[in-house]
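Here the structure comes first, spelled out in structure tokens, and everything after it is commentary.
What follows is the structure in structure tokens.
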């Protein structure tokens, strides 16, 4: 059954409500933000300035001028999340490769593309997102373009990991307004990154260790008197054959066993809460993975749950590339690129909130961004056709077939 959302009215009201809570955004700028976010969701074809002029209400020069002006996307999306999400939230951070042609774009370099499985020439954005655990979906927070790099190195003295850790630390005070739990993939399970997060922020980091991570059991036996430093460790952890007396089973269900303990990581040079997971695949083969948290009190089941929820970020990237032209900006200006990336990703969050209208914030439902885009495209086409013929738009809404036309082409749920 298909449900007509009246996506345009809901979207416009939602965006204006959020903008009203922000300082230093005048009426003209508010009207533009509303128009451009809904245009990203209703646009047909490639998302560049020329096509915006053809399908929007402004000329190409106006769009270029407005994209150049700064906008606080972090605050905008924080307000959106606070008004639409449950109270079980985590923050995800993940860089994403952006294809880009030409020679003059700022930040061009060689970055790793997960889809291609290799380093490719283009751009990269470091993306912060909020994952709602109860809704089982992710919302965009802010994207920042990475500096030019070649195979994870910016220059002789600085790597991309250094840059990522500095970026997270610089945004920590704003991130903590939403959640204090940061989840990153296994690439970020490095000492320099973990040290920066733990020593310079109040964020808890959840990530994954290498399968052959070097770990030690903590000594919990009786302390002996006499000279010398007290014993701290009681042997190395054999990650292929753990000691069930020290790393204890904390959860078990069909196809999965979770063991947990506080251990010492030699690579990270700190105590961590280890979540040791045994997955049984369809062939009966047992696969083990090591997850960890810098919060020693964190439950092992939550560590795995939060890490797995991080993958919802990938769907934000996918939807933005498919529906809102994330990789289609033709600008060669850093401010315009930044605005385009954030507007494209934020439009996906707007679409999700529209699709969830009337749904309890703690309930998980399937969301189709495609249906929201189709409805907005149909609406634009109706209004454009009737404006050409000079018909009064208000009369359309009285027509009993109007909503049927809005639904044309939607995917039945």
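Residue numbers (this note's numbering): 696 to 1108. The beta carbon of each residue, even a glycine, is placed where N, CA and C say it ideally should be. Owing to the predicted nature of the structure, the values given are computational and were not obtained by experimental measurement.
Cβ-based burial, residue i [other Cβ within 10 Å; buried from 16]
i	result
residue 704	exposed
residue 906	exposed
residue 1037	buried
residue 1039	buried
residue 1029	exposed
residue 830	buried
residue 1019	buried
residue 711	exposed
residue 883	buried
residue 804	buried
residue 1083	exposed
residue 935	exposed
residue 790	buried
residue 1068	buried
residue 1109	This structure cannot speak to residue 1109, because the chain is shown only from 696 to 1108.
residue 1070	buried
residue 919	exposed
Residues that residue i bridges to, as DSSP identifies them
i	result
residue 899	876
residue 845	805, 848
residue 955	943, 970
residue 981	975
residue 838	822
residue 833	826
residue 948	951
residue 1061	In DSSP, residue 1061 forms no bridge with anything.
residue 857	For residue 857, which the question treats as bridged, DSSP gives no partner whatsoever.
residue 734	Partner(s): none; residue 734 has no beta bridge.
Residue i to residue j span [Cα, whole Å]
i	j	result
residue 762	residue 732	12 Å
residue 868	residue 928	36 Å
residue 837	residue 770	9 Å
residue 774	residue 754	30 Å
residue 967	residue 713	39 Å
residue 792	residue 809	8 Å
residue 780	residue 931	43 Å
residue 992	residue 963	18 Å
residue 751	residue 812	37 Å
residue 822	residue 881	16 Å
residue 885	residue 1081	59 Å
residue 846	residue 817	12 Å
residue 735	residue 951	42 Å
residue 957	residue 923	24 Å
residue 959	residue 989	11 Å
residue 911	residue 772	42 Å
residue 947	residue 939	14 Å
residue 916	residue 937	19 Å
residue 743	residue 899	39 Å
residue 1009	residue 721	34 Å
residue 980	residue 970	19 Å
Beta-carbon contacts of residue i that lie in its chain and below 6 Å, excluding the five residues immediately before and after
i	result
residue 908	985
residue 826	785, 787, 833, 1004, 1007
residue 699	Annotation note: pLDDT 43 at residue 699 (below 50); position unreliable, coordinate value reported separately. Correct list, in chain order: 1098, 1101, 1102.
residue 896	864, 867
residue 715	none
residue 807	814
residue 1001	785, 878, 901
residue 685	The chain is shown only over 696 to 1108; residue 685 falls outside these bounds and no answer can be derived.
residue 748	754, 755
residue 828	783, 1004
residue 707	729
Contacts around residue i, its chain only, beta-carbon distance under 7 Å, and the 5 residues preceding and following it disregarded
i	result
residue 982	974, 976
residue 1060	1051, 1054
residue 740	746
residue 1141	Because the chain here runs from 696 to 1108, residue 1141 falls outside it and cannot be looked at.
residue 725	711, 714
residue 914	926, 927, 928, 929
residue 887	856, 857, 860
residue 1042	732, 735, 736, 1019
residue 839	820, 821, 862
residue 1034	762, 766
Sequence-distant residues of the same chain with beta carbon closer than 8 Å to residue i, five excluded per side
i	result
residue 777	873
residue 709	775, 1045, 1048, 1049
residue 1057	781, 829, 830
C-beta neighbour in chain C for residue i, strict 7 Å
i	result
residue 916	Any reference to chain C falls outside this structure, which holds one protein chain only.
Open item on the list: Quick check: the region 994 to 1001 against the region 931 to 944, are at least 3 beta-carbon pairs closer than 8 Å?
Closed with: Result no; under three Cβ-Cβ pairs closer than 8 Å.
Open item on the list: Three Cβ pairs or more, each shorter than 8 Å: is that satisfied between the region 1064 to 1080 and the region 1011 to 1018?
Closed with: Enough Cβ pairs lie closer than 8 Å, so yes.
Task: Segment contact flag, the region 885 to 905 with the region 854 to 861, C-beta cutoff 8 Å, min 3 pairs - done: Output reads yes: the region 854 to 861 touches the region 885 to 905.
Task: Three-pair Cβ contact test at 8 Å for the region 845 to 859 versus the region 1023 to 1042 - done: No, the region 845 to 859 does not touch the region 1023 to 1042.
- [ ] Specify whether the region 1072 to 1080 and the region 869 to 879 touch according to this definition: at least 3 beta carbon pairs, one from each stretch, less than 8 Å apart.
- [x] Taking one beta carbon from each stretch, the region 1072 to 1080 and the region 869 to 879 have fewer than 3 pairs nearer than 8 Å; the two do not touch.
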